Amino acid sequence: MSTNTVKAKIFRYDPDRDKKPYYQDYEVSIDRQVTIRELLSIIHRDHDGTLAFRDYVCYKGFCNTCTVKLNGKAVRSCATPVRPGQDIRIDPIQEKLVVRDLVVDFTNM
Amino acid sequence: MEVSKVTTDVVVIGGGGAGCRAAIEVAERGLDCILVDKGRPGRSGATPCALWSIQAPFGPRGRDERDTPEEFLMDMVVGGRFLGDQNLTEIVAFTACDRVLDLERYGVHFKKYDDGRFYQTPMPGQTYPRSCFMYENGQHMSTVLAKEVARHENIKVYKDFMVFDFLKNEGKVVGIVGIDQLSGEVVAINAKATIAAAGGYTSLWGFSDNPPTLTGDAISMAYRAGADIVDLEFNQYYGTDVIWPPSVKGVVVLYELLIDEFASGDVTDRYGKPLFQKPLPIRDEAIKIIFKAIQEGRGTEHNAVLFDTTRSPKGEEEVRRIFKEMTPKHYQLLIDAAGLDLAKTPLEVAPASHYQCGGIFINERAQSTIPGLYACGECCGNWQGANRIAGTALCGTQTIGKLAGEYASNDVRKETRVVSIDEKDLDNKVKYIESFMSKKKDPIRPVFIKEKILETMDKYVAPFRNEKSMKEGLSIILSLRDELLKIEVSSIKRCNMELREAIESRLMIEAADLTLRSALFRTESRGHHNRTDYPEQNDVDWLKHTIIKEKNGRPEFSKRDVIHSRIKPPIGKKA
Chain G
234 MSTNTVKAKI
244 FRYDPDRDKK
254 PYYQDYEVSI
264 DRQVTIRELL
274 SIIHRDHDGT
284 LAFRDYVCYK
294 GFCNTCTVKL
304 NGKAVRSCAT
314 PVRPGQDIRI
324 DPIQEKLVVR
334 DLVVDFTNM
Chain R
96 MEVSKVTTDV
106 VVIGGGGAGC
116 RAAIEVAERG
126 LDCILVDKGR
136 PGRSGATPCA
146 LWSIQAPFGP
156 RGRDERDTPE
166 EFLMDMVVGG
176 RFLGDQNLTE
186 IVAFTACDRV
196 LDLERYGVHF
206 KKYDDGRFYQ
216 TPMPGQTYPR
226 SCFMYENGQH
236 MSTVLAKEVA
246 RHENIKVYKD
256 FMVFDFLKNE
266 GKVVGIVGID
276 QLSGEVVAIN
286 AKATIAAAGG
296 YTSLWGFSDN
306 PPTLTGDAIS
316 MAYRAGADIV
326 DLEFNQYYGT
336 DVIWPPSVKG
346 VVVLYELLID
356 EFASGDVTDR
366 YGKPLFQKPL
376 PIRDEAIKII
386 FKAIQEGRGT
396 EHNAVLFDTT
406 RSPKGEEEVR
416 RIFKEMTPKH
426 YQLLIDAAGL
436 DLAKTPLEVA
446 PASHYQCGGI
456 FINERAQSTI
466 PGLYACGECC
476 GNWQGANRIA
486 GTALCGTQTI
496 GKLAGEYASN
506 DVRKETRVVS
516 IDEKDLDNKV
526 KYIESFMSKK
536 KDPIRPVFIK
546 EKILETMDKY
556 VAPFRNEKSM
566 KEGLSIILSL
576 RDELLKIEVS
586 SIKRCNMELR
596 EAIESRLMIE
606 AADLTLRSAL
616 FRTESRGHHN
626 RTDYPEQNDV
636 DWLKHTIIKE
646 KNGRPEFSKR
656 DVIHSRIKPP
666 IGKKA
């Protein structure tokens with residue numbers, strides 16, 4: 234595989250439209266280390282405007298709003314880097330609280 | 096789109112420090128309140144990103160017994176370059192201690208001396224050390240405030256709620272209309288009083304140390320509702336925000352920590368030559384020094400200067416301990432996201448957009464010039480003046496937040512009847528949002544409009560500006576207005592990010608337009624507004640507020656006298 238891309242497998246689910254969740258694959262070109270938050274923003278901008286995730290709110294490692302699961306482990310996406318060449322999987326932090334894709338409802342968290 | 100309707104006594108927009116404080120005040124006065132936030136209260140707005148510093152002149156109960164509210168007032172007035180209305184600054188100065196004690200009552204942990212006095216740090220612009228120290232910084236304060244909000248049964252919280260306009264009827268603001276981003280449902284809230292606590296416009300600039308949610312929504316909506324807007328040309332920059340690498344661009348590192356009491360370091364040019372003398376300059380002076388160095392070619396390849404604690408006589412371990420104690424999250428984020436340990440590596444820093452000094456014009460009851468609308472926090476405008484000194488932002492959220500809650504409640508109690516929503520007004524506003532989802536001939540995605548706004552503001556409304564460049568900037572913003580009509584987003588209901596971006600684009604264009612015109616209007620240099628074509632401060636013509644009022648769909652500009660009720664400005668000089 235090319236060393237200037239990240240292959241990301243991302244959890245997708247819209248309860249209004251999909252019978253059940255599925256994974257969508259994205260191959261994203263990057264020329265440097267980026268954070269997961271940056272990666273999701275690149276996907277949103279250049280690949281798929283319909284992907285839902287929390288790009289809010291602070292980008293500064295404080296608010297925990299952007300927390301997702303990276304390869305099964307909870308991380309703040311704004312504070313967690315990925316390197317070109319990596320294969321990753323991104324899931325919502327709690328599947329049963331999913332509103333759409335990676336966005337969960339924080340009411341009970 | 097389906098529209099549901101609710102009614103309440105007071106609706107508050109924004110769950111940061113000011114909005115939470117206002118809502119608590121309303122609830123404690125026995126009224127019903129709805130608090131809405133783009134994210135969720137306690138984790139949203141600029142308050143969680145703030146540092147430890149909240150100014151309060153505790154005097155004998157603090158670090159230096161000589162300190163008084165009068166001294167605090169004087170520091171704010173001088174720091175604000177005499178452009179703050181003193182009817183408001185006075186309230187901030189004289190109620191700050193009470194509000195800090197409120198915070199302590201809610202559960203905020205302040206650092207204290209063994210005998211119970213407040214520990215206070217010195218910051219530039221303070222005659223005596225006056226910044227009370229909150230452990231875990233603004234994040235702790237906002238979490239505690241959100242918990243206090245949750246304790247009140249008469250406050251209902253709508254989180255993930257994107258407000259897109261005020262509702263008006265009979266010349267009065269009668270509530271708000273917004274979208275529940277999770278469900279996609281539109282909700283109109285009819286309220287007897289509306290409090291804007293929606294934060295500033297700092298994220299109209301791409302290089303900002305604020306959360307990206309702060310897109311000037313409050314000023315944009317208040318302007319359209321007919322309220323007076325004041326002094327938008329004074330966007331405060333903070334001198335030392337990380338500019339490289341992009342993963343941590345906009346993380347604030349405090350130059351105030353470079354004094355000998357703390358880390359004992361320097362801001363230097365790329366050759367290692369220190370730029371600041373001690374005592375450290377206040378913020379408007381600091382950015383001028385940094386820009387001069389960069390302009391003279393003494394900056395780094397990323398047009399930055401260096402934040403350097405690596406040569407501190409205190410040594411690496413002690414510097415690390417200080418940053419871990421005083422700004423733990425910022426210190427850790429630089430390590431986690433970019434592998435930068437500031438105790439070991441000099442950081443590339445430059446001035447970034449930090450605080451909106453102007454905003455919605457209010458009186459000493461936090462009332463805007465439109466009946467039914469109140470404002471507090473960063474979105475209210477006429478008390479900081481042309482510059483803000485460290486530690487007054489959080490202090491302002493609590494003092495003016497309380498004020499807004501108090502007077503909104505008083506006025507609601509006096510109301511004999513509720514002015515209902517004007518259905519036609521609501522319908523028009525909802526239709527506008529729906530129009531983003533209709534098919535277009537040459538569709539545009541809002542993410543690109545937002546990107547263009549940020550680029551334009553970075554380039555043309557820099558800390559140093561002139562007529563020619565700002566006119567170019569304004570023409571770009573005006574062309575983006577036409578692009579708004581071409582926005583096309585999907586009709587997905589749940590968490591439609593693109594719809595939110597479309598709504599924000601519209602609010603941002605309004606705010607950017609007004610800001611550019613304000614900066615063109617003021618033909619002098621003062622505080623954070625530096626005109627290279629008018630480099631002098633001109634007190635004869637410009638010791639005045641810039642006022643914007645909407646007239647027939649266009650902004651009308653005028654000047655208004657500043658209220659100098661306690662401290663008179665020194666005799667003015669003509670440029």
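Top line first, the protein sequences correspond to chains G and R. Using my numbering, you'd call the opening residue of the first sequence number 234 and step up by one each time. Using my numbering, you'd call the opening residue of the second sequence number 96 and step up by one each time. From the three backbone atoms N, C-alpha and C, an ideal C-beta is built for every residue, glycine too. Since the structure is predicted, the reported quantities are computational estimates derived from the model, not experimental observations.
Task: Burial state of lysine 419 of chain R (16 or more Cβ within 10 Å) - done: As a position in the second sequence, residue 419 of chain R is number 324, starting the count at 1. So lysine 419 of chain R counts as exposed.
Task: Cα-Cα separation, methionine 316 of chain R to arginine 393 of chain R - done: As a working note, residue 316 of chain R is residue 221 in the second sequence. As a working note, residue 393 of chain R is residue 298 in the second sequence. For methionine 316 of chain R and arginine 393 of chain R, the distance between alpha carbons rounds to 42 Å.
Open item on the list: Please state the DSSP three-state secondary structure of aspartate 608 of chain R.
Closed with: Counted from its first residue, the second sequence places residue 608 of chain R at position 513. It is helical.
Task: Residues from the stretch 224-245 of chain R in contact with chain G, defined by Cβ distance under 7 Å - done: When C-beta distances to chain G are compared with 7 Å, the residues of the stretch 224-245 of chain R below that value are Gln234, in chain order.
Task: 8 Å Cβ cutoff, proline 325 of chain G in contact with chain R - done: Taking the first residue of the first sequence as position 1, residue 325 of chain G is located at position 92. It does not: the Cβ of proline 325 of chain G has no partner Cβ on chain R nearer than 8 Å.
Open item on the list: Quick check on serine 660 of chain R: buried or exposed, where buried means 16 or more other Cβ atoms within 10 Å of its Cβ?
Closed with: Locating residue 660 of chain R in the second sequence gives position 565, where the first residue counts as 1. Exposed: under 16 other Cβ atoms inside 10 Å.
TODO: Could you check the C-alpha separation between valine 261 of chain G and aspartate 127 of chain R for me, to the nearest Å?
DONE: In the first sequence, counting from the first residue as 1, residue 261 of chain G sits at position 28. In the second sequence, counting from the first residue as 1, residue 127 of chain R sits at position 32. Using only the alpha carbons, I get a separation of about 49 Å.
Open item on the list: If you measure between the beta carbons of glutamine 181 of chain R and isoleucine 666 of chain R, is that distance less than 8 Å?
Closed with: Looking up residue 181 of chain R in the second sequence gives position 86. Looking up residue 666 of chain R in the second sequence gives position 571. No. Outside cutoff.
Task: Reduced DSSP secondary structure (H/G/I, E/B, other) of isoleucine 321 of chain G - done: Reading the first sequence from its first residue, position 88 is the one you call residue 321 of chain G. Strand, per DSSP.
- [ ] With distances taken Cα to Cα, identify the nearest neighbour of glutamine 451 of chain R among R/Tyr502, R/Ala488, R/Lys644, R/Val348.
- [x] The residue given as residue 451 of chain R occupies position 356 in the second sequence. When each option's Cα is compared against that of glutamine 451 of chain R, the closest is R/Ala488.
Task: Residues of the stretch 589-610 of chain R with Cβ closer than 7 Å to any Cβ of chain G, in chain order - done: Arg589, Cys590, Met592, Glu593
Open item on the list: Quick check on lysine 368 of chain R: buried or exposed, where buried means 16 or more other Cβ atoms within 10 Å of its Cβ?
Closed with: One-based indexing of the second sequence puts residue 368 of chain R at position 273. Exposed is the call here.
Open item on the list: I want to see whether chain G comes within less than 8 Å of aspartate 537 of chain R, judged by CB atoms only; does it?
Closed with: Taking the first residue of the second sequence as 1, we reach residue 537 of chain R at position 442. False, the Cβ-Cβ gap to chain G never drops below 8 Å.
Task: Element boundaries [alpha helix (DSSP H), containing tyrosine 555 of chain R] - done: Along the second sequence, read from residue 1 onward, the residue named residue 555 of chain R stands at position 460. 541-555 is the extent of the alpha helix (DSSP H) around tyrosine 555 of chain R.
Open item on the list: Tell me which residue opens and which closes the alpha helix (DSSP H) that asparagine 523 of chain R is part of.
Closed with: What you label residue 523 of chain R is simply residue 428 of the second sequence in a count that begins at 1. 518-530 is the extent of the alpha helix (DSSP H) around asparagine 523 of chain R.
Task: Contact set for alanine 113 of chain R: own chain, Cβ-Cβ below 7 Å, skip 5 residues either direction - done: Residue numbering aside, residue 113 of chain R sits at position 18 when the second sequence is read from its first letter. Ala292, Cys471, Gly472, Thr492, Ile495, Gly496.
- [ ] State the DSSP-derived secondary structure class of valine 252 of chain R, mapped to helix, strand or coil.
- [x] Position 157 of the second sequence, counted from the first residue, corresponds to residue 252 of chain R. Valine 252 of chain R: strand per DSSP, three-state reduction.
Open item on the list: Is there a Cβ of chain G sitting closer than 8 Å to that of aspartate 431 of chain R, yes or no?
Closed with: Position 336 of the second sequence, counting from 1, holds the residue named residue 431 of chain R. It does: the Cβ of aspartate 431 of chain R has a partner Cβ on chain G nearer than 8 Å.
Open item on the list: For lysine 669 of chain R, would you say it is in contact with chain G, using Cβ-to-Cβ distances shorter than 8 Å as the test?
Closed with: For the purposes of this step, residue 669 of chain R is taken as residue 574 along the second sequence, with counting starting at 1. In this prediction, lysine 669 of chain R scores a pLDDT of 43, lower than 50, which makes its location untrustworthy; the coordinate-derived value is nonetheless stated afterwards. For lysine 669 of chain R, no CB of chain G lies under 8 Å from its own CB, so it is not counted at the interface with that chain.
- [ ] Assuming alanine 191 of chain R and proline 219 of chain R form a contact by the criterion Cβ under 8 Å, report the distance between their Cβ atoms to the nearest whole angstrom.
- [x] On the second sequence, position 96 is the one that residue 191 of chain R refers to. On the second sequence, position 124 is the one that residue 219 of chain R refers to. In fact, because the Cβ distance is near 18 Å, the residues do not count as touching under 8 Å.
Open item on the list: I'd like the ranges of any beta strand (DSSP E) spanning at least 3 consecutive residues and lying wholly in the stretch 440-521 of chain R.
Closed with: 442-451, 468-470
Task: Reduced DSSP secondary structure (H/G/I, E/B, other) of proline 314 of chain G - done: Stepping through the first sequence from its first residue, residue 314 of chain G is reached at position 81. Three-state DSSP puts proline 314 of chain G in a strand.
Task: Cβ-Cβ distance between tyrosine 256 of chain G and phenylalanine 244 of chain G below 8 Å - done: For the purposes of this step, residue 256 of chain G is identified with residue 23 of the first sequence, where counting begins at 1. For the purposes of this step, residue 244 of chain G is identified with residue 11 of the first sequence, where counting begins at 1. Yes; because the gap between Cβ atoms is below 8 Å, this pair is in contact.
TODO: Determine, using beta carbons only, whether glutamine 451 of chain R comes closer than 8 Å to chain G.
DONE: One-based indexing of the second sequence puts residue 451 of chain R at position 356. No, glutamine 451 of chain R does not count as interfacial toward chain G.
Open item on the list: What does the Cβ neighbour count give for aspartate 634 of chain R, buried or exposed, with the cut at 16 atoms within 10 Å?
Closed with: In the second sequence, residue 634 of chain R corresponds to position 539, counting from 1. Counting Cβ neighbours within 10 Å, aspartate 634 of chain R comes out buried, since at least 16 surround it.
- [ ] Would you tell me roughly how many angstroms separate the C-alpha atoms of isoleucine 108 of chain R and glutamate 593 of chain R, rounded to the nearest one?
- [x] By one-based count along the second sequence, residue 108 of chain R stands at place 13. By one-based count along the second sequence, residue 593 of chain R stands at place 498. Rounded to the nearest angstrom, the two C-alpha atoms are 22 Å apart.
TODO: Going by CA-CA distance only, name the one from R/Ala445, R/Lys646, R/Thr335, R/His640 that's closest to asparagine 398 of chain R.
DONE: For the purposes of this step, residue 398 of chain R is taken as residue 303 along the second sequence, with counting starting at 1. Minimum Cα distance to asparagine 398 of chain R is reached at R/Ala445.
Open item on the list: Would the stretch 428-444 of chain R count as touching the stretch 405-420 of chain R if we require 3 or more Cβ pairs under 8 Å?
Closed with: yes
Task: Neighbour-count burial assignment, methionine 96 of chain R, 16 or more Cβ in a 10 Å radius - done: Counting from one through the second sequence, the residue named residue 96 of chain R turns up at place 1. Looking at its Cβ environment, which holds fewer than 16 other Cβ atoms inside 10 Å, methionine 96 of chain R is exposed.
Open item on the list: Let me see if you follow: with CB-CB separation under 8 Å, is lysine 252 of chain G close to chain C or not?
Closed with: In the displayed structure, chain C is absent; the protein chains listed are G and R.
Open item on the list: Just to check my reading of the structure: methionine 257 of chain R and arginine 595 of chain R have Cβ atoms closer than 8 Å, yes? What is that Cβ distance to the nearest angstrom?
Closed with: Counting from 1 along the second sequence, the entry for residue 257 of chain R is found at position 162. Counting from 1 along the second sequence, the entry for residue 595 of chain R is found at position 500. Confirmed, about 5 Å.
Open item on the list: Spatial neighbours of histidine 277 of chain G within its chain, please: C-beta separation below 7 Å, excluding the five flanking residues on both sides.
Closed with: Within the first sequence, residue 277 of chain G is the residue found at index 44, counting from 1. Within the same chain, histidine 277 of chain G has close Cβ partners Leu284.
- [ ] For asparagine 297 of chain G, return the contacting residues in chain R, with the cut-off set at a CB-CB distance below 9 Å.
- [x] Indexing the first sequence from 1 puts residue 297 of chain G at position 64. Per Cβ cutoff of 9 Å: Arg138.
Open item on the list: Output needed for isoleucine 465 of chain R: all residues of its chain with C-beta closer than 6 Å, excluding positions within five of it in sequence on either side, in chain order.
Closed with: In the second sequence, counting from the first residue as 1, residue 465 of chain R sits at position 370. Sequence-distant partners of isoleucine 465 of chain R (beyond 5 residues in either direction) whose C-beta falls short of 6 Å from its own C-beta, in its chain, are Val268, Ala320, Gly321, Ala322.
Task: Buried/exposed call for leucine 573 of chain R, threshold 16 Cβ in 10 Å - done: Counting from one through the second sequence, the residue named residue 573 of chain R turns up at place 478. Exposed is the call here.
TODO: At 3 residues or longer, and completely inside the stretch 199-239 of chain R: list those beta strand (DSSP E) runs for me, N to C.
DONE: 226-228
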